[in-house]
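Heads up, the thing below is written out as structure tokens.
Numbering (the numbering used here), first residue to last: 113 to 296.
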């Protein structure tokens, strides 16, 4: 029979939180977004993404905080690594724990607090310009000068957001590799 004391430790909650974070990122980045873009009309895709992104970026921002709170310390040595935030900020955890979790938090927050609102603002301006031009922003060129500028702004912000998302995913995988070294 399994040792029930494990339920009173941080370890299972940490592993479940990590799995949720990584699974959400992989599913949204490589399955949900790609499939939705392929099967939905552009306006419906935009509505779906506008509703999903706050939740998704929220998970990317809160996830590393939960991982830091549930970080399981080590009792394997005389001077073991403490649990929770103290363990995350422990000198021996700097590169394998603090840097990846900090990166996940920072890039998730960047997307949630800045890039997502900027993208939504540009999207609203594009919709207004579409009404003026009588042509969708994603229709083939030529476009008005205003729409060309808005499309360029959107592409830039969207590209930065996509890059931040990939950095977040990579940092999550790096943390998972570190986490796997602690399994006995």
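C-beta: ideal position from N, C-alpha, C; glycine also.
**OP:** Tell me whether the beta-carbon of residue 276 lies closer than 8 Å to the beta-carbon of residue 222.
**Re:** yes
**OP:** Could you give the DSSP three-state label for residue 183: helix, strand or coil?
**Re:** coil
Subject >> Enclosing alpha helix (DSSP H) for residue 281 [first to last residue] >> reply: 257-292
Original post:
How about residue 178 and residue 129: do their beta carbons lie closer than 8 Å?
Top reply: yes
**OP:** Taking the CB atoms as reference points, tell me whether residue 267 and residue 216 lie closer together than 8 Å.
**Re:** Cβ distance not < 8 Å, so residue 267 and residue 216 don't count as in contact.
**OP:** Pick out whichever of 151, 244 and 200 has its Cα sitting closest to the Cα of residue 259.
**Re:** 244
Original post:
For the 8 Å Cβ check, are there 3 or more pairs between the region 153-172 and the region 221-240?
Top reply: yes
**OP:** Name the two residues that bound the continuous alpha helix (DSSP H) containing residue 254.
**Re:** Neither: residue 254 is in no alpha helix (DSSP H) and is coded neither H nor E.
Original post:
With a Cβ-Cβ cutoff of 8 Å, do residue 281 and residue 141 count as a contact?
Top reply: yes
**OP:** Thinking residue 209 and residue 287 are a contact (beta carbons under 8 Å), I'd like their distance in whole angstroms, please.
**Re:** Contact annotation, residue 209 with residue 287: C-beta distance approximately 7 Å; criterion of less than 8 Å satisfied.
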